[in-house]
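Residue numbers (our numbering): 568 to 884.
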């Protein structure tokens, strides 16, 4: 490659337990966080009572009853986490080779990376740039996915995200610039040596010029070059699969590390979460159908379908 590699301004980071730095980042972004059942948890959205494990790269050793009890103490409704207990076949997309280079991407993706690197400058995004351009990029991305979230479009909520990115150690935000204008970005946080890339958003015109492959490629290389990163995560396989998104990850060189994704409920709700009752709720239709379907998957009652049209709003595709 002839392009100049981007450099991330990341210094030495304090050693923290798995999930703790990610929990701080989520909290700064407006999520509710707590520690219980030996893990850190963050609400899936602002004000939500459903939680995700912050260390998505680790399989929790906690038993289902311990997770339920932790939810009960916080008056939470549900928790989603990697487990050895029955759940939905899932996993996390990881890249753990510090010598990562273009040869580790699939052949067609290499061409797209090269074309993207010729068209865009890939470098860390300054706070001012993200504040000024972020909402426009977010809205165009969310319009493409027909899925809107206020934290990416409402000015005060977006400012809170930006303040979180630039207000603590271990955060990363890289951008694709065309003639000095930010056209797409990716951000995340380094947790226990794993860079958790959480949000990728790009304007339509930049997608046509292959900004995402170039942006992801340079972000991964820059992360490993800091000496603070042992692996890069590009998220988990969702319950309702998005084959096109998975193809992008795999073609970039990410490898799916499989595990079961389990859903556990508040102790009172667990009494109603048996196979028969959940199956009946799934057949009722309406607003019950989707939640019951997810619970069937998360309890391991049914196998996931081979394919779904569901898309991840942060894919940037």
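Here a beta-carbon is modelled for each residue, glycine too, at the ideal position from N, C-alpha and C.
Query: Inter-stretch contact at 8 Å, needing at least 3 Cβ pairs: the stretch 765-776 / the stretch 730-738; Result: no
Query: The stretch 858-869 / the stretch 688-703 touching (three or more Cβ pairs under 8 Å); Result: no
Query: Candidates 665, 622, 637: closest to residue 649 by CA position; Result: 622
Query: For residue 754 and residue 740, believed in contact at Cβ under 8 Å, the rounded distance; Result: 4 Å
Query: From 678, 705, 839, residue whose alpha carbon lies closest to that of residue 749; Result: 705
Query: Residue environment, residue 642, which counts as buried when at least 16 other CB atoms sit within 10 Å; Result: exposed
Query: Range of the contiguous beta strand (DSSP E) that encloses residue 854; Result: Looking at the DSSP string, residue 854 is not in any beta strand (DSSP E); the run it does join, the alpha helix (DSSP H), is 854-865.
Query: Where residue 721 sits in the DSSP three-state scheme; Result: coil
Query: Coarse secondary structure for residue 683, derived from DSSP in three states; Result: helix
Query: Residue 872 classed as buried or exposed, judged by whether at least 16 other C-beta atoms fall within 10 angstroms; Result: exposed
Query: Cβ contact (3+ pairs, closer than 8 Å) linking the stretch 810-830 and the stretch 670-686; Result: yes
Query: Enclosing beta strand (DSSP E) for residue 710 [first to last residue]; Result: Here residue 710 belongs to no beta strand (DSSP E); instead the alpha helix (DSSP H) covers 694-712.
Query: Nearest-angstrom Cβ-Cβ length linking residue 640 and residue 757, presumed shorter than 8 Å; Result: Not really, about 29 Å apart at Cβ, beyond 8 Å.
Query: According to DSSP, residues forming a beta bridge with residue 660; Result: 823
Query: Expected contact under 8 Å - CB spacing of residue 590 and residue 607 to nearest Å; Result: 4 Å
Query: Coarse secondary structure for residue 768, derived from DSSP in three states; Result: strand
Query: Check whether residue 767 and residue 800 have beta carbons under 8 Å apart; Result: no
Query: Distance between beta carbons of residue 652 and residue 860, contact taken as under 8 Å; Result: Between residue 652 and residue 860 the Cβ distance is about 19 Å, and since that is not below 8 Å, they are no contact.
Query: Neighbour-count burial assignment, residue 598, 16 or more Cβ in a 10 Å radius; Result: buried
Query: Rounded distance between the beta-carbons of residue 669 and residue 680, thought under 8 Å; Result: 6 Å
Query: Boundaries of the beta strand (DSSP E) in which residue 688 is found, first to last residue; Result: 688-691
Query: Nearest candidate by alpha-carbon position, reference residue 819, set 786, 826, 745; Result: 786
Query: Pair within 8 Å by beta-carbon distance, residue 789 and residue 575; Result: yes
Query: DSSP-derived helix/strand/coil call for residue 623; Result: coil
Query: Neighbourhood of residue 605 by C-beta distance below 8 Å, restricted to the same chain and skipping five residues each side; Result: 627, 628, 629, 633
Query: Supposed close pair residue 797, residue 663 - CB separation, criterion 8 Å; Result: 7 Å
Query: Any C-beta of chain D under 8 Å from that of residue 617; Result: No chain D appears in the structure shown, which is made up of a single protein chain.
Query: Residue(s) in a DSSP beta bridge with residue 753; Result: 741, 767
Query: Closest residue to residue 832 among 647, 853, 761 (Cα-Cα distance); Result: 647
Query: Nearest candidate by alpha-carbon position, reference residue 656, set 584, 845, 823; Result: 823
Query: Beta-carbon gap between residue 580 and residue 795 smaller than 8 Å; Result: yes
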